[in-house]
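Chains A and B, in that order, are what the protein sequence lines are. End of the first sequence = 163 in the working numbering, gap-free, step of one. End of the second sequence = 193 in the working numbering, gap-free, step of one. Structure, as structure tokens:
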Amino acid sequence: MRRHRDIAAAPRRSATETWQAIADLVADTLDRSPHIDRVEVEAVMATAATVGRPLVAGGHLNQHPLTLVADPMRCTIGTVSGTAALSLEENLNPIPGGAQATEFTLHLPTPDPLEAVVRAAAERSPHLSADPPADLALATRAEAGDGEVQTGLVDLAALARRKAERP
Amino acid sequence: MSYTSTSTTTRTHTATYLTDVVMGAIADILADLRIDLTTLYRDWDQDEHAIRAWILEGSLKEVVLECHQPGGTVAPIIEFPVAYKTSGTGDAEFTASQARLARFRAKLDRVPPGTTYRLFCTFHGPHSPQPGWSPGTRASTEGLRSINYGTLASAPDASASMRYRYR
């Protein structure tokens, strides 16, 4: 199941406070799973905070959200900055589906010019990635007509899900 | 009573917003110049807190980013002057020009490997002490050319602009 959450950034929250709100949302969501240790999730989010705060402050998460993959749940998490942040109605409740998760990966966006530092940060935890989620990357390449994608390598179920989720 | 409350809230929002935009711009500029961001990321919380507090009290004149090259040259220098508005005369919107920052970054002079950075804040007058910040001496700007890049972010009670000094 695919979800999306928007978190209010500045002027409602500082970059540090915004990242903490994101970290709390992720931890609260995965805390429902009997297979995932909340302390470990918090440690991963603390590791990611080094690049998370600049991603927030630079407005990068407004256009390039994070993606939390914890099958069967996946959720993109973006920010809203500026005047719109003041009136944003947030949903900070745990994301549905977290209870069934057995593992998780937080995919960080790599916008210019922060790509190198985001990739370096992602290497510090096996739960962090600076690459797009696998099925999304395959679907994107297939849709773009990438010659390297051969029939049978594409996750057809993911493609079907993507198609079904389109408005 | 109501007016005071609204005014305080807006001023807090202004300080939070301008701090975020300036900190985000500094992170983007340093990443673009491939200058080590370790210290910026490590000190992010205290720098964010200090700049926000100084804008809130109206004492901050400008934030200055100095690039110290291995050969002793200090260039470029990027200044972020803060202009305060008379209460009630400011635009009610919180806006940032990310496009202006992107255009600015594209024109930045490259710096040699091993270049480090220093952050300074200058003040209109008395200001509160903030953890991690102590008096320092800015590098001379003599002989540097200067370009004003205009307003980077605007909020109801203040705005931040950007000035580029280069050889």
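We treat Cβ as the ideally placed atom computed from N, Cα and C, and that holds for glycine. Predicted model only: the values in this text are computed from it and were never measured.
Exposed or buried, which one is residue i when buried takes at least 16 other CB atoms within 10 Å?
{"i": "Ser180 (chain B)", "result": "buried"}
{"i": "Met69 (chain A)", "result": "buried"}
{"i": "Gln124 (chain B)", "result": "buried"}
{"i": "Met41 (chain A)", "result": "buried"}
{"i": "Leu88 (chain A)", "result": "exposed"}
{"i": "Gly169 (chain B)", "result": "exposed"}
{"i": "Val76 (chain A)", "result": "buried"}
{"i": "Glu139 (chain A)", "result": "The pLDDT assigned to Glu139 (chain A) is 46, lower than 50, so where the model puts this residue is not dependable; a value taken from the coordinates is nonetheless given after this. Looking at its Cβ environment, which holds fewer than 16 other Cβ atoms inside 10 Å, Glu139 (chain A) is exposed."}
{"i": "Thr118 (chain A)", "result": "Before going further, note that residue 118 (chain A) is Ala rather than Thr in the sequence given. Looking at its Cβ environment, which holds 16 or more other Cβ atoms inside 10 Å, Ala118 (chain A) is buried."}
{"i": "Ser187 (chain B)", "result": "buried"}
Does residue i come out as helix, strand or coil in the three-state DSSP assignment?
{"i": "Met69 (chain A)", "result": "strand"}
{"i": "Thr64 (chain B)", "result": "helix"}
{"i": "Met49 (chain B)", "result": "helix"}
{"i": "Met188 (chain B)", "result": "strand"}
{"i": "Gly48 (chain A)", "result": "helix"}
{"i": "Arg8 (chain A)", "result": "coil"}
{"i": "Phe146 (chain B)", "result": "strand"}
{"i": "Gly176 (chain B)", "result": "strand"}
{"i": "Ala181 (chain B)", "result": "coil"}
{"i": "Gly78 (chain A)", "result": "coil"}
{"i": "Arg193 (chain B)", "result": "coil"}
{"i": "Ile32 (chain A)", "result": "coil"}
{"i": "Glu139 (chain A)", "result": "Residue confidence for Glu139 (chain A) is low, a pLDDT of 46 falling below 50, so the modelled location carries little weight; the figure read from the coordinates is stated next. Helix."}
{"i": "His103 (chain A)", "result": "strand"}
{"i": "Phe106 (chain B)", "result": "strand"}
Give the C-beta separation of residue i and residue j to the nearest angstrom, bearing in mind that I take them to be a contact with Cβ-Cβ under 8 Å.
{"i": "Pro92 (chain A)", "j": "Leu62 (chain A)", "result": "Rounded, the Cβ-Cβ distance is 18 Å, inconsistent with contact."}
{"i": "Thr46 (chain A)", "j": "Tyr67 (chain B)", "result": "4 Å"}
{"i": "Arg(-1) (chain A)", "j": "Cys71 (chain A)", "result": "4 Å"}
{"i": "Arg189 (chain B)", "j": "Ser172 (chain B)", "result": "6 Å"}
{"i": "Pro102 (chain B)", "j": "Leu134 (chain B)", "result": "7 Å"}
Measuring from the CB of residue i, is there a heavy atom of the ligand ATP at a distance below 7 Å?
{"i": "Ala81 (chain A)", "result": "Ligands in the displayed structure: none, and consequently the ligand ATP is not present."}
Report task. May I ask you to list, following chain order, the residues of the region 21 to 53 of chain A that have a beta carbon less than 8 Å from some beta carbon of chain B? Result -> Along the region 21 to 53 of chain A, the positions whose C-beta sits under 8 Å from a C-beta of chain B are Thr46, Val47, Arg49, Pro50, Val52 and Ala53, read in chain order.
Query - Any 3 or more C-beta pairs closer than 8 Å across the region 49 to 57 of chain A and the region 79 to 88 of chain A - result: Three or more Cβ pairs closer than 8 Å define a contact, and the region 49 to 57 of chain A falls short of that threshold against the region 79 to 88 of chain A.
Query - Residues of the region 129 to 149 of chain B whose Cβ lies closer than 9 Å to any Cβ of chain A, in chain order - result: Within the region 129 to 149 of chain B, the qualifying residues are Arg131.
**Report entry** Contact list for the region 101 to 126 of chain A against chain B, Cβ threshold 8 Å
**Finding:** Cβ contacts with chain B come from Pro109, Leu110, Ala112 and Val113.
**Report entry** Cβ pair count under 8 Å reaching 3, the region 139 to 146 of chain B against the region 34 to 49 of chain B
**Finding:** Here the region 139 to 146 of chain B makes no contact with the region 34 to 49 of chain B; the two share fewer than three CB pairs at distances below 8 Å.
**Report entry** Interface positions of the region 55 to 75 of chain B facing chain A (Cβ-Cβ less than 7 Å), listed along the chain
**Finding:** Along the region 55 to 75 of chain B, going in chain order, the ones with a CB nearer than 7 Å to a CB of chain A are Ala57, Asp58, Leu63, Tyr67, Trp70, Asp71 and Glu74.
Report task. With 9 Å as the limit, tell me which residues of the region 60 to 75 of chain A have their beta carbon closer than that to any beta carbon of chain B; keep them in chain order. Result -> Residues of the region 60 to 75 of chain A with a C-beta atom less than 9 Å from some C-beta of chain B do not occur.
Report task. Report the residues of the region 146 to 172 of chain B with a CB closer than 8 Å to any CB of chain A, ordered along the chain. Result -> Under the 8 Å Cβ criterion, the region 146 to 172 of chain B contributes no residue.
**Report entry** Residues of the region -1 to 20 of chain A with Cβ closer than 8 Å to any Cβ of chain B, in chain order
**Finding:** Cβ contacts with chain B come from Ala5, Ala6, Pro7, Arg8, Arg9, Ser10, Ala11 and Thr12.
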